[in-house]
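Peer 1: Below you will find the structure I want to go over with you.
Residue numbers (the numbering used here): 98 to 513.
Dropping the structure here:
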């Protein structure tokens with residue numbers, strides 16, 4: 098953690114120092130299609146149930162047996178101050194030298210470390226983040242079936258009727274090599290659903306506006322009471338950084354991968370990915386924590402204890418308790434579409450950084466998604482722990498390469 102903080106500050110300082118030396122001001126007109134394509138891949142891969150599950154899991158981790166946990170919002174804000182500029186830097190630098198993150202790491206560290214980075218990132222995304230999405234999709238389908246048909250899915254039923262169909266559909270799309278078309282279409286739909294989701298939150302916020310001062314007070318009180326300073330501050334920073342990295346994927350290189358087509362200038366591409374990161378974090382942290390916290394203190398059946406399914410169910414119950422069926426329906430559509438899109442988007446990263454032939458890449462992807470789907474039903478905590486470990490491995494390697502570049506080579510990219 099100290100290394101990531103210091104390295105991030107150093108990389109951002111160097112980027113600011115050499116910004117006008119290694120890149121020109123963008124004077125070209127903004128083309129809607131290029132902007133749309135860049136944002137679609139990035140938002141489609143980041144936004145969804147995984148972000149909500151990650152925030153609720155972080156609240157659970159920083160709570161005292163399910164009591165408290167709201168302080169994670171402030172820890173995440175602290176992390177944002179450091180890590181959001183890193184998103185700009187990593188995209189900007191990879192665009193300037195015209196290399197994908199894996200090639201970047203090969204050049205500034207070595208091929209073996211780059212291979213470890215690539216495999217770890219693919220497992221993180223196609224296994225870890227996909228598991229988050231699978232859990233969220235199961236939650237909303239289970240709740241919808243219970244409320245509308247009085248049917249309660251068993252563990253076996255979730256596997257057979259929810260998880261396996263998703264795996265079959267996604268595998269079919271990848272096998273037919275139509276995943277880019279689906280990502281573009283679903284990415285456009287995700288953009289519309291983001292607007293509806295924000296609209297839901299604004300209505301929720303307006304109806305519960307009297308709770309806003311109490312919400313801020315709860316966060317601050319929990320922040321001040323978060324364990325002893327000697328252990329609380331390190332734990333808070335770790336959890337905050339984990340959630341920033343998990344929610345926005347800052348430092349992992351995925352923002353640079355989403356820009357690997359290089360359709361815009363380095364400055365514009367970096368700015369677009371930074372905007373996508375800010376949208377993702379605000380969606381995940383502010384909306385999730387406020388809706389859930391309101392339900393905890395004002396409604397029945399909204400609890401932080403339990404597994405990922407229970408926490409998502411509580412989140413939906415809080416939304417339903419204030420905005421009714423319409424608000425809950427928007428969330429369900431948002432979760433289902435984003436979840437499916439994220440699972441598909443993970444193949445884009447395998448296709449970009451894994452140097453297998455196409456058939457082997459498809460088999461690798463299907464195996465990871467299948468394992469993730471099974472564990473999302475039977476052992477979600479294992480997925481969550483694997484994600485935390487893999488995030489720091491991937492981020493450490495990627496940030497180390499950035500540090501080496503800005504220390505040894507950045508001056509060689511001066512504009513003639």
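No residue lacks a Cβ here, since even glycine has one placed at the ideal position from N, Cα and C.
Extract the residue ranges of the alpha helix (DSSP H) inside the region 386-471, only unbroken runs of 4 or more that lie entirely within it.
Peer 2: Segments of the alpha helix (DSSP H) lying fully in the region 386-471: 405-450.
Peer 1: Hey, would you say residue 450 sits closer than 8 Å to residue 458, going by beta carbons?
Peer 2: Within the chain shown, the letter at position 353 stands for residue 450. Within the chain shown, the letter at position 361 stands for residue 458. Against a cut-off of 8 Å, the Cβ pair of residue 458 and residue 450 comes out as no contact.
Peer 1: For the putative contact between residue 367 and residue 108, defined by C-beta atoms under 8 Å, what is the C-beta separation to the nearest angstrom?
Peer 2: Locating residue 367 in the chain shown gives position 270, counting from the first residue. Locating residue 108 in the chain shown gives position 11, counting from the first residue. With a Cβ gap of about 13 Å, residue 367 and residue 108 do not count as contacting.
Peer 1: Go through its chain and collect everything with a Cβ distance to residue 218's Cβ below 6 Å, but skip five positions before and after it.
Peer 2: Here residue 218 refers to the residue found at position 121 of the chain shown. Cβ within range, chain order: 491.
Peer 1: Which one of 353, 101 and 160 has the shortest CA to CA distance from residue 321?
Peer 2: Translated into positions along the chain shown, residue 321 becomes position 224. Per the Cα distances, 160.
Peer 1: Would the beta-carbon of residue 398 fall within 8 Å of that of residue 411?
Peer 2: Taking the chain shown and counting its residues from 1, one reaches residue 398 at position 301. Taking the chain shown and counting its residues from 1, one reaches residue 411 at position 314. Yes, Cβ-Cβ distance for residue 398 and residue 411 is below 8 Å.
Peer 1: Could you check how far apart the C-beta atoms of residue 413 and residue 237 are, in whole angstroms? I think they sit under 8 Å.
Peer 2: Position 316 of the chain shown, counted from the first residue, corresponds to residue 413. Position 140 of the chain shown, counted from the first residue, corresponds to residue 237. With a Cβ gap of about 7 Å, residue 413 and residue 237 count as contacting.
Peer 1: Between the Cα of residue 461 and the Cα atoms of 222, 390 and 439, which residue gives the shortest distance?
Peer 2: Numbered from 1 along the chain shown, position 364 holds the residue referred to as residue 461. That would be 222, whose Cα lies nearest to the Cα of residue 461.
Peer 1: Quick one: what does DSSP say residue 362 is sitting in, helix, strand or coil?
Peer 2: To locate residue 362, count along the chain shown from 1; it is residue 265. Coil at residue 362, not helix or strand.
Peer 1: Buried or exposed for residue 464, going by 16 or more other Cβ atoms inside 10 Å?
Peer 2: As a working mapping, residue 464 is identified with position 367 in the chain shown. Answer is exposed; the Cβ neighbour count stays below 16.
Peer 1: Assign residue 127 to one of three DSSP states: helix, strand, or coil.
Peer 2: Position 30 of the chain shown, counted from the first residue, corresponds to residue 127. Residue state, collapsed to three classes: coil.
Peer 1: In terms of alpha-carbon separation, which member of 208, 242, 497 and 319 lies closest to residue 255?
Peer 2: Numbered from 1 along the chain shown, position 158 holds the residue referred to as residue 255. Taking only the C-alpha atoms, the option nearest residue 255 is 242.
Peer 1: Look at the alpha carbon of residue 260 and the alpha carbon of residue 117, and state the distance between them as a whole number of angstroms.
Peer 2: On the chain shown, residue 260 is found 163 positions in, with the first residue counted as 1. On the chain shown, residue 117 is found 20 positions in, with the first residue counted as 1. Going from the Cα of residue 260 to the Cα of residue 117 covers about 49 Å.
Peer 1: Using three-state DSSP, classify residue 166 as helix, strand or coil.
Peer 2: Locating residue 166 in the chain shown gives position 69, where the first residue counts as 1. Of the three classes helix, strand and coil, the one that applies to residue 166 here is coil, per DSSP.
Peer 1: Can you give me the Cβ contacts of residue 363 inside the same chain, cut-off strictly under 7 Å, excluding the 5 residues immediately before and after it?
Peer 2: Counting from 1 along the chain shown, the entry for residue 363 is found at position 266. Answer for residue 363: 120, 189, 192 and 193, listed in chain order.
Peer 1: Going straight from the alpha carbon of residue 351 to that of residue 195, what length do you get?
Peer 2: Residue numbering aside, residue 351 sits at position 254 when the chain shown is read from its first letter. Residue numbering aside, residue 195 sits at position 98 when the chain shown is read from its first letter. Rounded to whole angstroms, residue 351 to residue 195 spans 15 Å at the Cα level.
Peer 1: Which class does residue 250 belong to by DSSP, given the choice of helix, strand or coil?
Peer 2: For the purposes of this step, residue 250 is identified with residue 153 of the chain shown, where counting begins at 1. Residue 250 falls in the coil class under three-state DSSP.
Peer 1: Examine the Cβ distances between the region 417-435 and the region 290-308 and report whether three or more of them are shorter than 8 Å.
Peer 2: Touching, yes, given that three or more Cβ pairs across the two stretches are closer than 8 Å.
Peer 1: Excluding sequence positions up to five away, which residues of its chain have a Cβ less than 7 Å from the Cβ of residue 240?
Peer 2: Position 143 of the chain shown, counted from the first residue, corresponds to residue 240. Contacts found: 410 and 413.
Peer 1: Taking the alpha carbon of residue 123 as the reference point, which residue from 508, 210, 365 and 253 has its own alpha carbon closest?
Peer 2: As a working mapping, residue 123 is identified with position 26 in the chain shown. Out of 508, 210, 365 and 253, 365 has the C-alpha closest to the C-alpha of residue 123.
Peer 1: Alpha carbons only, please: which of 476, 501 and 497 is nearest the one belonging to residue 232?
Peer 2: In the chain shown, residue 232 corresponds to position 135, counting from 1. The option with the nearest alpha carbon to residue 232 is 476.
Peer 1: Counting only the same chain and skipping the five closest in sequence on each side, list residues whose C-beta sits under 8 Å from that of residue 235.
Peer 2: In the chain shown, residue 235 corresponds to position 138, counting from 1. Contacts found: 250, 255, 259, 260, 406, 473 and 474.
Peer 1: Excluding sequence positions up to five away, which residues of its chain have a Cβ less than 8 Å from the Cβ of residue 308?
Peer 2: Start at 1 with the first residue of the chain shown, and residue 308 comes out as number 211. Result list for residue 308: 391, 394 and 395, in chain order.
Peer 1: Is the beta carbon of residue 426 less than 8 Å from the beta carbon of residue 389?
Peer 2: On the chain shown, position 329 is the one that residue 426 refers to. On the chain shown, position 292 is the one that residue 389 refers to. No, the pair does not count as a contact, with Cβ atoms beyond the cut-off.
Peer 1: For the ligand HEM, is there a heavy atom less than 7 Å away from the beta-carbon of residue 205?
Peer 2: No copy of the ligand HEM appears in this structure; indeed no ligand is present at all.
Peer 1: Suppose you measure from the CA of residue 510 to the CA of residue 103; what does that come to, to the nearest Å?
Peer 2: Working through the chain shown from its first residue, we reach residue 510 at position 413. Working through the chain shown from its first residue, we reach residue 103 at position 6. Roughly 24 Å between the two C-alpha positions.
Peer 1: Check each candidate in 216, 209, 442 and 404 and name the one with the smallest Cα separation from residue 478.
Peer 2: Looking up residue 478 in the chain shown gives position 381. Residue 478 has its Cα closest to that of 404, out of 216, 209, 442 and 404.
Peer 1: From residue 325 to residue 278, what distance separates their C-alpha atoms?
Peer 2: For this step, residue 325 is matched to residue 228 along the chain shown. For this step, residue 278 is matched to residue 181 along the chain shown. Any reading at residue 325 needs caution, since the residue's pLDDT is 42, under 50, leaving its predicted position unreliable; the model's value is listed next. Roughly 52 Å between the two C-alpha positions.
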